[in-house]
């Protein structure tokens, strides 16, 4: 898959997730990504910052105009910490940690690219399960970062390169039991 195709697939997927999730400016959108899996290799074995860059560009081309905040998940060697902008740390009261993602050691290519391209990048330990939606490219496990209740999304893009794509959004919890009436627009 060419870099332009990867960029376009990432943008298309992000657009569908935004539409299905009914996100608002300022909402958090988490992305976990294995560039190795995009190339058809085992996660963590063939890190590629060019692929990560194309993914980042495609996703941000949709998120930025909508005012949605990106949280780029690091690999498990950094305990799935996340790269966010400083303004996101302030807005969501997140806890900064001291780490700089690296493509081949700890962090992964996508988090490294995010750290290099964000205006004021900060690594945080977690999001406190405050993300509203996200994309998991290559089985990187992002669910822990999304506000409960997490709802899987079926979109037209189900792979980027060879990597399976799983997308999710949040919905408010149902309360009240059998007598309750729910707002269909929030389901």
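Residue numbers (my numbering): 4 to 190. Where a beta carbon is used, it is the ideal one built from N, C-alpha and C, also for glycine. The structure presented is a predicted model; accordingly, all values stated were derived computationally and were not measured.
Identity of the residues DSSP links to residue i by a beta bridge
i           : result
residue 140 : 36, 168
residue 105 : 110
residue 126 : 86
Among the options, the one whose alpha carbon lies nearest that of residue i
i           : options            : result
residue 109 : 157, 93, 78, 137   : 78
residue 133 : 104, 164, 85       : 85
residue 150 : 175, 169, 166      : 175
residue 126 : 87, 188, 34        : 87
residue 97  : 117, 113, 119, 124 : 124
Cα-Cα separation, residue i to residue j
i           : j           : result
residue 16  : residue 71  : 15 angstroms
residue 152 : residue 173 : 5 angstroms
residue 158 : residue 25  : 14 angstroms
residue 141 : residue 38  : 8 angstroms
residue 89  : residue 166 : 30 angstroms
residue 168 : residue 154 : 14 angstroms
residue 14  : residue 48  : 25 angstroms
residue 146 : residue 164 : 22 angstroms
Boundaries (first-last residue) of the alpha helix (DSSP H) holding residue i
i          : result
residue 63 : 52-69
residue 20 : 6-24
Start and end residues, beta strand (DSSP E) containing residue i
i          : result
residue 72 : 72-76
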